[in-house]
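To keep things clear, I will list the structure first and then write my remarks on it.
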Amino acid sequence: MDIQATDEQKRILEATGRIIKINARAGTGKTTTLCLIAEHNRDKKILYLVFNKKNRDEAERIFPPNVKIKTVHAFARFSLSSFGKRFDTDDNFNVCTFLPYFGKERNRQTLATLSYNFLTFFLNSGFEKLEKAISPYIEDCLTEEQKKTFNHHEKRIIQITRDFATSWNKNEISCPHDFYLKLSHIKKTFHKELEKFDIILVDEGQDLSHVMLDSLSHCTKRIVLVGDTHQRIYSFRYAVDAMRIMKCDEDFALSLSFRFGERIADLVTMFILQSKNETNFKICGYENQKSVVSFYSDLSIVNQGVKTAILSRTNMALFKNAMYMRSKKIRFSFERDIKSELNRTLDVYRLYRGEKDRIKDGLIQSFDSIEQLDKYAEDVQDFQLSNISKIVKDYADEFPKAIYEMMKLTKKNEHQNDKDAIVLSTVHAAKGQEYDRVIIDQDIVDAISRTKSINPEQFNDEINVAYVCFTRAKKQLLLPVAFKTVLTPQWQNYIEKLAFKSYDRTMSNKTHMVKRARNLKPQKNKTGSKPGYWFNAPEKPKKTETSKKIRLQCL
24 MDIQATDEQK
34 RILEATGRII
44 KINARAGTGK
54 TTTLCLIAEH
64 NRDKKILYLV
74 FNKKNRDEAE
84 RIFPPNVKIK
94 TVHAFARFSL
104 SSFGKRFDTD
114 DNFNVCTFLP
124 YFGKERNRQT
134 LATLSYNFLT
144 FFLNSGFEKL
154 EKAISPYIED
164 CLTEEQKKTF
174 NHHEKRIIQI
184 TRDFATSWNK
194 NEISCPHDFY
204 LKLSHIKKTF
214 HKELEKFDII
224 LVDEGQDLSH
234 VMLDSLSHCT
244 KRIVLVGDTH
254 QRIYSFRYAV
264 DAMRIMKCDE
274 DFALSLSFRF
284 GERIADLVTM
294 FILQSKNETN
304 FKICGYENQK
314 SVVSFYSDLS
324 IVNQGVKTAI
334 LSRTNMALFK
344 NAMYMRSKKI
354 RFSFERDIKS
364 ELNRTLDVYR
374 LYRGEKDRIK
384 DGLIQSFDSI
394 EQLDKYAEDV
404 QDFQLSNISK
414 IVKDYADEFP
424 KAIYEMMKLT
434 KKNEHQNDKD
444 AIVLSTVHAA
454 KGQEYDRVII
464 DQDIVDAISR
474 TKSINPEQFN
484 DEINVAYVCF
494 TRAKKQLLLP
504 VAFKTVLTPQ
514 WQNYIEKLAF
524 KSYDRTMSNK
534 THMVKRARNL
544 KPQKNKTGSK
554 PGYWFNAPEK
564 PKKTETSKKI
574 RLQCL
């Protein structure tokens, strides 16, 4: 890899500690840094554990041959195969799986959800026995009302979840991926397999499971853990932030972002300082990348011609934006395949219309009315399902035609290669992506305002969500004006000045363009009739070796 290491990367390459942590801020080249470590240790046998298949495929293209690249689940499955264990996997393991075990009980959906969530919690925990996970699950994950329900049905829930785990272990039924990861932890095959390598590289350290954290803590080999504490947005999956928890011998930071310029970097720094009071937080913009921060009041500012993404917190906001684009006949695409969400929306619409016989989703089909579904969503705090219900009620007149159109768009991927199509995405789907222009949806700031005074932990999660949004932008970041009213007076003062500078610069540019136009001679435009003013478009910069290196560093 022909990359000139930065000073921060050079210090990492010179590290001698057995366990080192690298806090890599957004766009600072964490993958490139890990690749440099691999190149620097060509004589060593290296394992690189990644978050998903997409990360694995990208890494396989650039890492040297001395590196084995595996997702965490694939590595766990591999470790068990050497132990003689093989499993058939079930990608459809969900709440519906538990419904038959609660018959026709009035609150069977809630009991099925508590059972599913408890078993998922256990599989991702560091506990080896099911009983050990009961108290932590009740205390940390349930509301007061949910605690009462769980305690009343505890023996039954534990027996049902134990029966599932036993059947999976005997390979009598297919298991979810988290089960064989859990089993590889209990059988110690995961960390025994780790011992066969000289160096372990671990990505997304802010979103590790307790299982992974425990396996790494028992590993005696050299470990390089990389992540960004402020990109921790998967706590709802019972993930933990190893970047804070795991002890290390040396701690490093990557703070120079190659993705955006100083204006966005300054905004992000101020945001983290005022929301989390982290005075030592640092992210620097790349001097050769010009970026701006602007504000908007509604989506009428959307235009095509620039690679633009609208990022939202919820699927409800995503759908709302899709309906707006549809009404304005603006071409758009989705960042990922949302077919499953669209199918659920269609099923909730059928429940709303009283067409139960056409519903395919087992959980939705189990309700007698939309009101019953709403009550369940409130009881178990299923915000996704609650939002789908709101979508159905708000856009019932447009259904099912609008849903079928979006399904067609998702299936054919018509606009994925259309550079002018607006990309619609939730924050979680956009993580790891970058766009020239990013528009932050109003629901991001609404979530921050809603949680600030009621739930400190959730508030912290929402700050991380906003951080991920801000750092997806390369050239232009557009914030809803409501961002001027959140957080501290210092933040509000900063934002007000930033908004004034943005407005002042825009007006200055318009004045400059008008003056320039007055000095130009009228020319025939391309239609050949009325005179107009032509402006020479700047030539596209030629791709150079330097630009290729910068692109690699952004990885």
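In my numbering, the protein residues as written are 24 to 578. Quick reminder that beta carbons are idealized off the backbone N, C-alpha and C, glycines included. None of the values given here were measured: they were computed from a predicted structure.
Can you list, in chain order, the residues of its chain with a C-beta nearer than 6 Å to that of F482? Leave out the 5 residues immediately preceding and following it.
Cβ neighbours of F482 within its own chain (closer than 6 Å, five residues either side excluded): T474, K475.
Endpoints, the alpha helix (DSSP H) within which L630 is located:
This structure cannot speak to residue 630, because the chain is shown only from 24 to 578.
Residue interval of the alpha helix (DSSP H) (run including A265):
A265 -> alpha helix (DSSP H) spans 265 to 268.
Three-state secondary structure (DSSP) of S412
Under the three-state reduction of DSSP output, S412 falls in the helix class.
Tell me which residue opens and which closes the beta strand (DSSP E) that P123 is part of.
Where P123 is concerned, there is no enclosing beta strand (DSSP E), given that its DSSP letter is neither H nor E.
Spatially closest choice to Y427 from G377, D370, D469, D466, by CA coordinates
Closest by C-alpha distance to Y427, out of G377, D370, D469, D466, is D370.
Three-state secondary structure assigned by DSSP to I45
Taken through DSSP and simplified to helix, strand or coil, I45 comes out as strand.
Pick from N344, G52, V247, F493: whose alpha carbon is nearest that of L322?
With distances taken between Cα atoms, L322 lies closest to N344.
N- and C-terminal bounds of the beta strand (DSSP E) containing A276:
273 to 277 is the span of the beta strand (DSSP E), which, as asked, contains A276.
Quick one, which of H208, S138, M293, N516 has its alpha-carbon nearest F593's?
Since the first residue shown for the chain is 24 and the last is 578, residue 593 is missing from the structure and cannot be characterised.
Using DSSP's beta-bridge definition, name the partner residues of C164.
Per the DSSP secondary-structure output, C164 pairs with nothing in a beta bridge.
Here's a check: name, in chain order, each residue in its chain whose Cβ is nearer than 6 Å to the Cβ of Y139, leaving out the five neighbours to either side.
Take Y139, set aside five residues on each side of it, and the residues of its chain with a beta-carbon closer than 6 Å to its own are V118, F121, in chain order.
Figure out for me which residue from F275, K205, Q132, A156 has the closest Cα to the Cα of V403.
Of F275, K205, Q132, A156, the residue nearest in Cα terms is Q132.
Under 7 Å Cβ to Cβ from V468, same chain only, skipping five residues before and after it: list those, please.
If we look at V468 and ignore the five residues flanking it on each side, its Cβ neighbours are P503, A505, F506, V509.
Closer than 8 Å: E62 CB and nearest the ligand ZN heavy atom
This structure lacks the ligand ZN, and indeed carries no ligand of any kind.
Between S102 and N78, what straight-line distance do the alpha-carbon atoms span, to the nearest angstrom?
Across the structure, S102 and N78 are spaced so that their CA atoms are roughly 21 Å apart.
For I69, which residues does DSSP report across the bridge?
V90, I222.
If we count the other Cβ atoms within 10 Å of its Cβ and call it buried at 16 or more, is N326 buried or exposed?
With a 10 Å radius around the Cβ and a threshold of 16 neighbouring Cβ atoms, N326 comes out exposed.
Check for me: the beta strand (DSSP E) holding F357 runs from which residue to which?
In the DSSP assignment, F357 falls within the unbroken beta strand (DSSP E) covering 355 to 357.
Three-state secondary structure assigned by DSSP to S335:
In this structure, S335 counts as strand in the three-state DSSP scheme.
Which residue marks the beginning of the beta strand (DSSP E) containing G250, and which one marks its end?
245 to 250 is the span of the beta strand (DSSP E), which, as asked, contains G250.
Using 9 Å as the threshold, is the C-beta distance between F173 and I180 below it?
Judged by beta-carbon spacing, I180 lies within the 9 Å limit of F173, meaning their Cβ atoms are closer than that value.
Distance between K155 and T494 (C-alpha atoms, nearest Å):
In this structure, the alpha-carbon of T494 lies about 40 Å from that of K155.
What does the Cβ neighbour count give for G228, buried or exposed, with the cut at 16 atoms within 10 Å?
With 16 or more other Cβ atoms within 10 Å, it is buried.
7 Å Cβ shell around V291 - same chain, five flanking residues per side excluded
I306, Y490, F493, T494.
With a threshold of 16 other CB atoms inside 10 Å of the CB of D30, please say whether the residue is buried or exposed.
With fewer than 16 other Cβ atoms within 10 Å, it is exposed.
Bridge partner(s) assigned by DSSP for V371
Per the DSSP secondary-structure output, V371 pairs with nothing in a beta bridge.
Under 8 Å: do the stretch 232 to 247 and the stretch 457 to 465 share three or more Cβ pairs, one atom per stretch?
Judged by Cβ distances under 8 Å, the stretch 232 to 247 makes no contact with the stretch 457 to 465, as fewer than three pairs qualify.
Any idea what DSSP makes of F406, helix, strand or coil?
Judged by DSSP in its simplified three-state form, F406 adopts helix.
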